[in-house]
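Colleague: For the numbering used here, add 4 to where a residue sits in the sequence shown, where the first one is 1.
Just so it is clear, CB atoms sit at the ideal spot from N, CA and C, and this is done for glycine as well.
The structure displayed is predicted, hence computed values, not measured ones.
Below you will find the structure I want to go over with you.
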Amino acid sequence: MTATATPAAAGFTALQKSLHWAVVLLLVFQYFLFDAMGRLFHTLMDTGAMPWTVTSVAHVVIGSAVLLLALARIVLRLRDGVPPPPVAEPAPFRTLSKLAHWAIYALLILIPLSGLVAWFGQVGAAAGAHETMTTLLQIIVVLHIAAVIVHQVWWKTNLLSRMT
5 MTATATPAAA GFTALQKSLH WAVVLLLVFQ YFLFDAMGRL FHTLMDTGAM
55 PWTVTSVAHV VIGSAVLLLA LARIVLRLRD GVPPPPVAEP APFRTLSKLA
105 HWAIYALLIL IPLSGLVAWF GQVGAAAGAH ETMTTLLQII VVLHIAAVIV
155 HQVWWKTNLL SRMT
């Protein structure tokens, strides 16, 4: 095994599963705060004064937690490995799956970082990148969920059981 290879695992560890679902819950919560946070950011940019509210504090704290959990997930993925793709999954979808997973990890790091730069640095371009990447993450997550459904219903691989 090379230093860059991810070891194969029989299944996801309990910690990997817990972190996965914790990030999902935090992202769902963030989604409902997004509109209010956008207005608060515009207030910040217009006045230069930090509008510290329950919403802004919660958004920053949850975003920071997502960042830390994403980094932990990457460490666990590299240390403990991941189960191999199901045999019934066609090769092109295996490649797409790997790309999608790493895109999700990248976005789970870049979105909070861009948000922190936007908020604390009052950088409008970072806020724009934050919003664009958030939309991209939402699209990839919908495709991720659709892929799980295809695995469950079409290919009958019982993929969902690996993360529950």
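I want to know whether the stretch 82–93 touches the stretch 14–30 - three or more CB-CB distances under 8 Å.
Modeller: With a cut-off of 8 Å, the stretch 14–30 and the stretch 82–93 count as touching, because enough Cβ pairs lie within range.
Colleague: Going along the chain, which unbroken runs of the beta strand (DSSP E) with 3 or more residues stay wholly within the stretch 55–136?
Modeller: Qualifying beta strand (DSSP E) stretches: none in this window.
Colleague: Any chance the CB of residue 125 is under 7 Å from a heavy atom of the ligand ZN?
Modeller: In the structure shown, the ligand ZN is absent, as is every other ligand, since no ligand is present at all.
Colleague: Sort 65, 89, 15 and 56 by Cα distance to residue 31 and report the nearest one.
Modeller: The residue with the shortest Cα to Cα distance from residue 31 is 65.
Colleague: Taking the alpha carbon of residue 62 as the point to measure from, which residue in 52, 38 and 168 has its own alpha carbon closest?
Modeller: Comparing Cα positions, the closest option is 38.
Colleague: Here's the rule: buried if 16 or more other CB atoms are within 10 angstroms of the residue's CB, otherwise exposed. What is residue 41?
Modeller: Answer is buried; the Cβ neighbour count reaches 16.
Colleague: Determine the direct distance from the alpha carbon of residue 15 to that of residue 44, and round the result to whole angstroms.
Modeller: The straight-line gap from Cα to Cα measures roughly 42 Å.
Colleague: Just reading off the alpha helix (DSSP H) that residue 163 is part of, what are its end residues?
Modeller: Here residue 163 belongs to no alpha helix (DSSP H), and DSSP marks it neither H nor E.
Colleague: Whose C-beta lies closer than 8 Å to the C-beta of residue 126 among residues of the same chain, with five residues either side of it excluded?
Modeller: Closer than 8 Å at Cβ, skipping near neighbours: 48, 49 and 52.
Colleague: Rounded C-beta distance between residue 116 and residue 165? I'm assuming under 8 Å.
Modeller: The pair is not a contact, with the Cβ atoms about 30 Å apart (cut-off 8 Å).
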